[in-house]
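Enquirer:
Numbering (the working numbering), first residue to last: 1 to 428.
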């Protein structure tokens, strides 16, 4: 009997290994694990992502996949990666620095793969759920770390309410989840499913409360109102916009009065700028202004093709002000903390056109009215506006948020469009 059972298990395993559907399920599983692990660990996210790609190989329809790459939404990210590779040829940086600077763009090659797979998979929504649940658990952990700092895994340097990673990444996650929940809440209210709508509203508010009373990045403070404005213009009447705006302003005023942490974060805008202007101090805001000023100068020196891949740090080294005192003008960096300038310095106008082509094509992809359209649109909008203050498309965490969000949501949107087209053909 044991031998028979062992043989039966072996036959079952063999059958699953020969089944395209089983491999597709494994791709979905590892995509879910990638999304769930991203808020917690870069290593786990990388491992699960690699396993996801590996599971696509055995039954990949090469002809269909290659044909999908010719679509502009897929070709544009690939073109930017190729530009980064070709840009190594005219850079004067060391070859190690050139190839190191190519690495941040490589993740964009996964985007067409996700678009292709989730165009065929019906389980894309589970990736969103996994990310939302993971961020909700991280929010709970953030409160615990705020109350008991010794629980933090990240202690160098310690940050208030940060269990892993940093406050910028955490704020990006919480802001995305909180605003993304607005769409299902409104849909549920229209369907009169009040209990579930109330539950999701409470979850969204929990993210905002964490950002207000524990820790929030200044980038999130700027971009969250923009994301809400996009939602309001797309999905609400002017009457509802006025009512909700009044409620949000009242909530913001209450949070401002009740949260010293929020007031300190907002006040730091002005104090950082003043110290930079008067003393040249390397404050957070001052450094960004210094990086942007110098980067515009570097771009003017080579406006068409830029200085080449990996050239940024060398340019800042040559432009740094000598001296022993800590000044913003003496700082050297390989990332000017602005996505457009990051691209412009290395690849000039050609790079800028490539970058904005990606954003515009992906914005146009999500013009419909569905959860997938809303999530995809929100991911692109968040990336565009946070990239004013950081190079978020090239950063590991925010870059993968973009790739996974656009790839999964985009595949779901294309799948829905194809289903509608087939229904139209059948009805005609």
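Cβ coordinates follow ideal geometry from the N, Cα and C atoms, glycine included.
Quick check for students: name the residue ranges of the alpha helix (DSSP H) that lie wholly in the segment 138 to 191, counting only runs of 4 or more.
Expert: Qualifying alpha helix (DSSP H) stretches, in chain order: 167 to 180 and 182 to 190.
Enquirer: Take residue 364 as the anchor and find which of 380, 349, 210 and 66 has the nearest alpha-carbon.
Expert: The sequence position of residue 364 within the chain shown is 364, counting from 1. Here the closest residue by C-alpha is 380.
Enquirer: Whose C-alpha, out of 345, 104, 339 and 162, is nearest the C-alpha of residue 316?
Expert: Here the question's residue 316 lines up with position 316 in the chain shown. Minimum Cα distance to residue 316 is reached at 345.
Enquirer: How about residue 35 and residue 127: do their beta carbons lie closer than 8 Å?
Expert: Position 35 of the chain shown, counted from the first residue, corresponds to residue 35. Position 127 of the chain shown, counted from the first residue, corresponds to residue 127. The answer is yes: Cβ separation under 8 Å.
Enquirer: Which term fits residue 423, buried or exposed, when burial requires 16 or more other beta carbons within 10 angstroms of its beta carbon?
Expert: Your numbering for residue 423 matches position 423 in the chain shown. Per the 10 Å Cβ criterion, exposed.
Enquirer: Please name the residue in 42, 52 and 139 whose C-alpha comes closest to that of residue 25.
Expert: Stepping through the chain shown from its first residue, residue 25 is reached at position 25. Closest by alpha carbon: 52.
Enquirer: What alpha helix (DSSP H) runs, 4 residues minimum, are completely inside the segment 32 to 108?
Expert: Counting only runs of 4 or more, we get 42 to 56, 62 to 68, 72 to 86 and 95 to 106.
Enquirer: Under the three-state reduction of DSSP, which class applies to residue 134: helix, strand or coil?
Expert: Here residue 134 is taken as the residue at index 134 of the chain shown, counted from 1. Residue 134 falls in the helix class under three-state DSSP.
Enquirer: Report all residues from its chain with a CB closer than 6 Å to the CB of residue 138; omit the five preceding and five following residues, and keep chain order.
Expert: Taking the first residue of the chain shown as 1, we reach residue 138 at position 138. Only 39 meet the Cβ criterion.
Enquirer: Pull up the distance between the alpha-carbon of residue 125 and that of residue 372, whole angstroms please.
Expert: Within the chain shown, numbered from 1, the residue matching residue 125 stands at position 125. Within the chain shown, numbered from 1, the residue matching residue 372 stands at position 372. Cα to Cα, the separation comes out at about 8 Å.
Enquirer: Can the beta-carbon of residue 352 be found less than 8 Å from the beta-carbon of residue 340?
Expert: One-based indexing of the chain shown puts residue 352 at position 352. One-based indexing of the chain shown puts residue 340 at position 340. It is a contact, given that the beta carbons lie within the stated cut-off.
Enquirer: Excluding sequence positions up to five away, which residues of its chain have a Cβ less than 6 Å from the Cβ of residue 374?
Expert: Residue numbering aside, residue 374 sits at position 374 when the chain shown is read from its first letter. Only 183 meet the Cβ criterion.
Enquirer: Return the residue from the list 77, 102 and 19 that minimises the CA-CA distance to residue 89.
Expert: Translated into the one-based positions of the chain shown, residue 89 becomes position 89. Minimum Cα distance to residue 89 is reached at 102.
Enquirer: Would you kindly report the start and end of the unbroken alpha helix (DSSP H) that includes residue 506?
Expert: Nothing can be reported for residue 506, as the shown portion of the chain is limited to 1 through 428.
Enquirer: Hey, would you say residue 411 sits closer than 8 Å to residue 114, going by beta carbons?
Expert: Within the chain shown, the letter at position 411 stands for residue 411. Within the chain shown, the letter at position 114 stands for residue 114. Going by C-beta atoms, residue 411 is nearer than 8 Å to residue 114.
Enquirer: Are the beta-carbon atoms of residue 84 and residue 309 separated by less than 8 Å?
Expert: Mapped onto the chain shown, residue 84 falls at position 84. Mapped onto the chain shown, residue 309 falls at position 309. Contact flag set, yes.
Enquirer: Roughly how many whole angstroms lie between the Cα atoms of residue 121 and residue 28?
Expert: On the chain shown, residue 121 is found 121 positions in, with the first residue counted as 1. On the chain shown, residue 28 is found 28 positions in, with the first residue counted as 1. Rounded to whole angstroms, residue 121 to residue 28 spans 8 Å at the Cα level.
Enquirer: Would residue 389 and residue 338 qualify as a contact pair, given that the criterion is a beta-carbon distance under 8 Å?
Expert: Walking along the chain shown from the start, residue 389 turns up at place 389. Walking along the chain shown from the start, residue 338 turns up at place 338. Yes, the Cβ-Cβ distance between residue 389 and residue 338 is below 8 Å.
Enquirer: Which residue marks the beginning of the alpha helix (DSSP H) containing residue 383, and which one marks its end?
Expert: In the chain shown, residue 383 corresponds to position 383, counting from 1. Unbroken alpha helix (DSSP H) run through residue 383: 371 to 386.
Enquirer: Return the residue from the list 366, 217, 174 and 188 that minimises the CA-CA distance to residue 168.
Expert: Taking the chain shown and counting its residues from 1, one reaches residue 168 at position 168. Among 366, 217, 174 and 188, the Cα nearest to that of residue 168 is on 217.
Enquirer: Find the nearest neighbour of residue 131 within the set 185, 321, 306 and 176, judged by alpha-carbon distance.
Expert: As a working mapping, residue 131 is identified with position 131 in the chain shown. Among 185, 321, 306 and 176, the Cα nearest to that of residue 131 belongs to 176.
Enquirer: Output the distance between the C-alpha atoms of residue 202 and residue 220, rounded to the nearest integer angstrom.
Expert: Translated into the one-based positions of the chain shown, residue 202 becomes position 202. Translated into the one-based positions of the chain shown, residue 220 becomes position 220. Using only the alpha carbons, I get a separation of about 20 Å.
Enquirer: Do residue 174 and residue 227 count as a contact pair if the criterion is CB distance below 8 Å?
Expert: To locate residue 227, count along the chain shown from 1; it is residue 227. To locate residue 174, count along the chain shown from 1; it is residue 174. No. Outside cutoff.
Enquirer: To the nearest angstrom, how far is the alpha carbon of residue 166 from that of residue 135?
Expert: Indexing the chain shown from 1 puts residue 166 at position 166. Indexing the chain shown from 1 puts residue 135 at position 135. For residue 166 and residue 135, the distance between alpha carbons rounds to 14 Å.
Enquirer: Going straight from the alpha carbon of residue 44 to that of residue 108, what length do you get?
Expert: On the chain shown, residue 44 is found 44 positions in, with the first residue counted as 1. On the chain shown, residue 108 is found 108 positions in, with the first residue counted as 1. Taking the straight line joining both Cα atoms gives about 19 Å.
Enquirer: Given a cut-off of 8 Å on the beta-carbon distance, is the pair residue 118 and residue 407 in contact?
Expert: For the purposes of this step, residue 118 is taken as residue 118 along the chain shown, with counting starting at 1. For the purposes of this step, residue 407 is taken as residue 407 along the chain shown, with counting starting at 1. Their beta carbons are under 8 Å apart, which means residue 118 touches residue 407 by this criterion.
Enquirer: On the premise that residue 50 lies in contact with residue 314, defined as a C-beta separation below 8 Å, what is that separation, rounded to the nearest angstrom?
Expert: For this step, residue 314 is matched to residue 314 along the chain shown. For this step, residue 50 is matched to residue 50 along the chain shown. Rounded, the Cβ-Cβ distance is 32 Å, inconsistent with contact.
Enquirer: Please report the residue range of the alpha helix (DSSP H) in which residue 314 lies.
Expert: Walking along the chain shown from the start, residue 314 turns up at place 314. Where residue 314 is concerned, the enclosing alpha helix (DSSP H) stretches over 312 to 319.
Enquirer: What residue does the alpha helix (DSSP H) around residue 204 start on, and which one ends it?
Expert: Here the question's residue 204 lines up with position 204 in the chain shown. That run of the alpha helix (DSSP H) goes 194 to 213.
Enquirer: Assuming residue 333 is part of the alpha helix (DSSP H), what are its boundary residues?
Expert: Here residue 333 is taken as the residue at index 333 of the chain shown, counted from 1. Unbroken run through residue 333: none, as it is neither H nor E.
Enquirer: Rounded to the nearest angstrom, what separates residue 303 and residue 290 at their Cα positions?
Expert: Numbered from 1 along the chain shown, position 303 holds the residue referred to as residue 303. Numbered from 1 along the chain shown, position 290 holds the residue referred to as residue 290. The straight-line gap from Cα to Cα measures roughly 19 Å.
Enquirer: Using only alpha-carbon positions, find the residue among 96, 355 and 292 that is nearest to residue 336.
Expert: Residue 336 sits at position 336 when you count from the first residue of the chain shown. When only C-alpha atoms are compared, the closest one is 292.
Enquirer: Checking contacts by CB at 8 Å: is residue 164 closer than that to chain C?
Expert: Looking at the structure shown, chain C is missing, and only one protein chain is on hand.
Enquirer: If you draw a straight line from the alpha carbon of residue 199 to that of residue 206, how long is it in whole angstroms?
Expert: Start at 1 with the first residue of the chain shown, and residue 199 comes out as number 199. Start at 1 with the first residue of the chain shown, and residue 206 comes out as number 206. Each residue's alpha carbon lies about 11 Å from the other.
Enquirer: Let me check understanding here. Comparing Cα to Cα, which of 382, 391, 416 and 409 lies closest to residue 178?
Expert: The residue labelled residue 178 in the question sits at position 178 within the chain shown. Nearest of 382, 391, 416 and 409 to residue 178, Cα basis: 382.
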